[in-house]
Amino acid sequence: MSEPDDQATIVSYKFHHIDTSKCTQCKDFACEEACFRGIYKVINRDSTPKCIVVEDHEDRCVKCHICTTACKFRAILID
Ligand code: SF4
Ligand code: SF4
1 MSEPDDQATI
11 VSYKFHHIDT
21 SKCTQCKDFA
31 CEEACFRGIY
41 KVINRDSTPK
51 CIVVEDHEDR
61 CVKCHICTTA
71 CKFRAILID
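Residues in the sequence shown are numbered consecutively from 1, following our numbering.
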């Protein structure tokens, strides 16, 4: 059975949008490693993983899109 496309799972920051329902299946947490500006942190790694944008770090983003490519679940959208 496929998951319904639930907008409520998208967590929006200023210009980053993360579909955190996808993070729950994640094992490699590639976003955190990929972003050389330290924008992401994956919390609850041992239970229900969830990628968050670190408070006050969002403006460090240079929109290089390395993270959106690295996340194989395509959970990250950047405006
Ligand atoms: S954003 Fe992508 S790489 Fe990061 S925890 Fe979520 S699914 Fe995994
Ligand atoms: S676009 Fe680049 S700088 Fe911005 S969050 Fe992604 S990897 Fe980091």
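In this text, a Cβ means the ideal position worked out from N, Cα and C, and glycines have one as well.
Endpoints, alpha helix (DSSP H) assigned at residue i
| i | result |
| --- | --- |
| Cys-26 | Segment: none, Cys-26 is in no alpha helix (DSSP H) and carries neither H nor E. |
| Cys-67 | 66–70 |
Outcome for residue i when other beta-carbon atoms lying within 10 angstroms are tallied against a minimum of 16
| i | result |
| --- | --- |
| Thr-69 | exposed |
| Ile-18 | buried |
| Ile-39 | buried |
| Cys-64 | exposed |
| Ser-12 | exposed |
Those residues which DSSP pairs with residue i across a bridge
| i | result |
| --- | --- |
| His-16 | Ile-78 |
| Lys-50 | Ile-43 |
| Val-11 | Ile-18 |
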